[in-house]
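**Student:**
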Amino acid sequence: MCVCVCLYIYINIYLSHKIIHSSINGKISFTALTYQSTIHFSCNPGYILKGTSTCQCMADGRWSSTLPHCQPVICPPPQIPEFGVISYHTLKPGNVSVFQDMIGFECLPSFALFGNETAICTANGNWSHIPECKYVTCPTPTGIENGFINFAVRRTYGYKESVSFGCNGRYVLEGPRESTCEKTNEWSIKPSCKAPCKIPVKKAIVLYKGEKVAVKDGLKEGIQHDETISFFCKNKEEDCVYTVPTTCIDGNLTVPECFKGMNLFKTISCNITSTA
Numbered sequence: 000m001c002v003c004v005c006l007y008i009y010i011n012i013y014l015s016h017k018i019i020h021s022s023i024n025g026k027i028s029f030t031a032l033t034y035q036s037t038i039h040f041s042c043n044p045g046y047i048l049k050g051t052s053t054c055q056c057m058a059d060g061r062w063s064s065t066l067p068h069c070q071p072v073i074c075p076p077p078q079i080p081e082f083g084v085i086s087y088h089t090l091k092p093g094n095v096s097v098f099q100d101m102i103g104f105e106c107l108p109s110f111a112l113f114g115n116e117t118a119i120c121t122a123n124g125n126w127s128h129i130p131e132c133k134y135v136t137c138p139t140p141t142g143i144e145n146g147f148i149n150f151a152v153r154r155t156y157g158y159k160e161s162v163s164f165g166c167n168g169r170y171v172l173e174g175p176r177e178s179t180c181e182k183t184n185e186w187s188i189k190p191s192c193k194a195p196c197k198i199p200v201k202k203a204i205v206l207y208k209g210e211k212v213a214v215k216d217g218l219k220e221g222i223q224h225d226e227t228i229s230f231f232c233k234n235k236e237e238d239c240v241y242t243v244p245t246t247c248i249d250g251n252l253t254v255p256e257c258f259k260g261m262n263l264f265k266t267i268s269c270n271i272t273s274t275a
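Residue numbers are given in numbering that gives the first Met the number 0: position 174 of the sequence shown equals residue 173, and the series is strictly consecutive.
(1) Where does residue 145 sit, in a helix, a strand or coil, going by DSSP?
(2) Which residue's Cα is closest to the Cα of residue 56: 32, 74, 69 and 77?
(3) Which value, in whole angstroms, describes the spacing of the CA atoms of residue 146 and residue 175?
(4) Per DSSP, what kind of secondary structure is residue 215 in: helix, strand or coil?
(5) Please confirm if the stretch 158-170 is in contact with the stretch 129-147, defined as three or more CB-CB distances below 8 Å between the two stretches.
(6) Please return the same chain residues whose Cβ sits closer than 6 Å to the Cβ of residue 53, not counting the five positions on each side in sequence.
(7) Whole angstroms is fine: what's the gap from residue 131's alpha carbon to residue 255's?
(8) Go through the stretch 170-254 residue by residue and report every complete run of the beta strand (DSSP E) that reaches 3 residues or more, in order.
(9) Go to residue 29, then tell me how far its beta strand (DSSP E) extends in each direction, as first and last residue.
(10) Please say whether residue 162 and residue 122 have beta carbons closer to each other than 8 Å?
(11) Who are residue 77's beta bridge partners in DSSP?
(12) Determine the DSSP secondary structure at residue 71, reduced to helix, strand or coil.
(13) So if DSSP puts residue 257 in a beta bridge, which residue, or which two residues, is it bridged to?
(14) Relative to the C-alpha of residue 241, which candidate in 250, 204 and 34 has its C-alpha closest?
(15) Can you check which of these residues, 61, 101, 68 and 58, is closest to residue 41 by C-alpha distance?
(16) Using a threshold of 8 Å, state whether the C-beta atoms of residue 246 and residue 225 are closer than that.
(17) If you follow the beta strand (DSSP E) that residue 47 is part of, which residue opens it and which one closes it?
(18) Rank 94, 81, 114 and 117 by C-alpha distance to the C-alpha of residue 107 and give the top, closest one.
(19) In whole angstroms, give me the CA-to-CA distance for residue 259 and residue 233.
(20) Going by beta-carbon coordinates alone, are residue 118 and residue 75 separated by less than 8 Å?
(21) Helix, strand or coil: which one does DSSP assign to residue 168?
(22) For residue 250, which option in 194, 201 and 172 has the closest C-alpha, if you only look at C-alpha atoms?
(23) Can you list, in chain order, the residues of its chain with a C-beta nearer than 6 Å to that of residue 177? Leave out the 5 residues immediately preceding and following it.
(24) Ignore the nearest five residues each way along the sequence and tell me which others in residue 101's own chain have a CB closer than 6 Å to its CB.
(25) From residue 85 to residue 94, what does the alpha carbon distance come to, in whole angstroms?
(26) In whole angstroms, what separates the C-alpha of residue 137 from that of residue 183?
(27) Cα separation between residue 269 and residue 257?
(28) Which one of 135, 28 and 99 has the shortest CA to CA distance from residue 111?
(29) Taking the alpha-carbon positions, what's the residue 189 to residue 104 distance?
Now the structure itself:
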């Protein structure tokens, strides 16, 4: 009985790797390795067989043809979107793109990309998806209450152009300082200006930024949004005082119920500080 020794060795090497190894990108199937037996070759999706798909064992112990190999599918040059550019993630000689290669897309200024930012060379030799670049404009942005916009006066703005905001006087800006023209032809979220707080108690000494301050002298204008002051409250049982913080929230400041406007400097401080 004639056995094709050369390929027998070749096949056994791959059998030890379960034969369907990713390095060959294909499969080998056979029932015997004796005279006139045939082996069959096939490739995984995304690969093309180069060479014969079958080999037969000849009388001299050799196979009828050279072993084939699996070559990756080649995709044609991708279509470049109008007003767009392409970048190759992996460059190959001649800019050839093969199965599973990836490319990226970007659009020129004032143009927005609609679709996927990347495309992949698929198993059928086509690109997965080519996006579009569309011209985007936004109308003149509207202002914000108690604030202003820094921008060049014009009727429309292009995609990704931005304007910045500020607040009047002692108002505090809350939110993003800039708003950007988005692909929806609308502006991104704008900030708001939060109002300062007047302290509704004139004859009081409070704790502000770590120091004792008389309201009538140092805090006539009040405090700004999100700033905190602490009032001194009396513990009657211990005959001492403790602090209770309160925060300015957009023009609203609540005086703790425990505050009675006592003379701070004639009272002993308690050992603990209230945070409620």
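Even for Gly, the Cβ is constructed at its ideal location relative to N, Cα and C.
**Tutor:** In short:
(1) Locating residue 145 in the sequence shown gives position 146, where the first residue counts as 1. Correct three-state label for residue 145: coil.
(2) In the sequence shown, residue 56 corresponds to position 57, counting from 1. The residue with the shortest Cα to Cα distance from residue 56 is 32.
(3) Position 147 of the sequence shown, counting from 1, holds the residue named residue 146. Position 176 of the sequence shown, counting from 1, holds the residue named residue 175. The alpha-carbon of residue 146 is positioned some 13 Å away from that of residue 175.
(4) Mapped onto the sequence shown, residue 215 falls at position 216. Judged by DSSP in its simplified three-state form, residue 215 adopts helix.
(5) At 8 Å Cβ cutoff, the stretches touch.
(6) Residue 53 sits at position 54 when you count from the first residue of the sequence shown. Cβ neighbours of residue 53 beyond the five flanking positions: 37 and 39.
(7) The count along the sequence shown starts at 1 and reaches residue 131 at position 132. The count along the sequence shown starts at 1 and reaches residue 255 at position 256. The alpha-carbon atoms of residue 131 and residue 255 are separated by roughly 60 Å.
(8) Qualifying beta strand (DSSP E) stretches, in chain order: 171-173, 177-179, 191-193, 204-207, 210-213, 227-234 and 239-246.
(9) In the sequence shown, residue 29 corresponds to position 30, counting from 1. First-last of the beta strand (DSSP E) with residue 29: 25-29.
(10) Locating residue 122 in the sequence shown gives position 123, counting from the first residue. Locating residue 162 in the sequence shown gives position 163, counting from the first residue. Their beta carbons are not under 8 Å apart, which means residue 122 does not touch residue 162 by this criterion.
(11) By one-based count along the sequence shown, residue 77 stands at place 78. Per DSSP, none; premise fails for residue 77.
(12) Taking the sequence shown and counting its residues from 1, one reaches residue 71 at position 72. Residue 71 falls in the strand class under three-state DSSP.
(13) Within the sequence shown, the letter at position 258 stands for residue 257. Answer by DSSP bridge pairing: none, since residue 257 is not bridged.
(14) Locating residue 241 in the sequence shown gives position 242, where the first residue counts as 1. Comparing Cα positions, the closest option is 204.
(15) Residue mapping note: residue 41 aligns to position 42 of the sequence shown, counting from 1. For residue 41, the nearest C-alpha among the options comes from 68.
(16) Along the sequence shown, read from residue 1 onward, the residue named residue 246 stands at position 247. Along the sequence shown, read from residue 1 onward, the residue named residue 225 stands at position 226. If you check the CB distance, residue 246 and residue 225 come in under 8 Å.
(17) If you number the sequence shown from 1, residue 47 lands on position 48. Residue 47 -> beta strand (DSSP E) spans 46-49.
(18) Here residue 107 corresponds to residue number 108 of the sequence shown, with the count starting at 1. For the residues 94, 81, 114 and 117, the minimum Cα distance to residue 107 belongs to 81.
(19) Residue numbering aside, residue 259 sits at position 260 when the sequence shown is read from its first letter. Residue numbering aside, residue 233 sits at position 234 when the sequence shown is read from its first letter. Take the alpha-carbon of residue 259 and the one of residue 233: they are about 8 Å apart.
(20) Along the sequence shown, read from residue 1 onward, the residue named residue 118 stands at position 119. Along the sequence shown, read from residue 1 onward, the residue named residue 75 stands at position 76. At a Cβ-Cβ threshold of 8 Å, residue 118 and residue 75 do not count as neighbours.
(21) Sequence index remark: in the sequence shown, residue 168 carries index 169 (1-based). Residue state, collapsed to three classes: coil.
(22) To locate residue 250, count along the sequence shown from 1; it is residue 251. Residue 250 has its Cα closest to that of 194, out of 194, 201 and 172.
(23) Position 178 of the sequence shown, counted from the start, is the residue given in the question as residue 177. Result list for residue 177: 161 and 163, in chain order.
(24) Indexing the sequence shown from 1 puts residue 101 at position 102. Excluding positions up to five away in sequence, the list reads 88, 117 and 119.
(25) On the sequence shown, position 86 is the one that residue 85 refers to. On the sequence shown, position 95 is the one that residue 94 refers to. In a straight line, the C-alpha of residue 85 is about 12 Å away from that of residue 94.
(26) The sequence position of residue 137 within the sequence shown is 138, counting from 1. The sequence position of residue 183 within the sequence shown is 184, counting from 1. Roughly 9 Å separates the two Cα atoms.
(27) Here the question's residue 269 lines up with position 270 in the sequence shown. Here the question's residue 257 lines up with position 258 in the sequence shown. So the two alpha carbons sit approximately 15 Å from each other.
(28) Numbered from its first residue, the sequence shown carries residue 111 at position 112. Residue 135 is the option with its Cα nearest to residue 111.
(29) Translated into positions along the sequence shown, residue 189 becomes position 190. Translated into positions along the sequence shown, residue 104 becomes position 105. Straight through space, the alpha carbons of residue 104 and residue 189 are spaced by roughly 29 Å.
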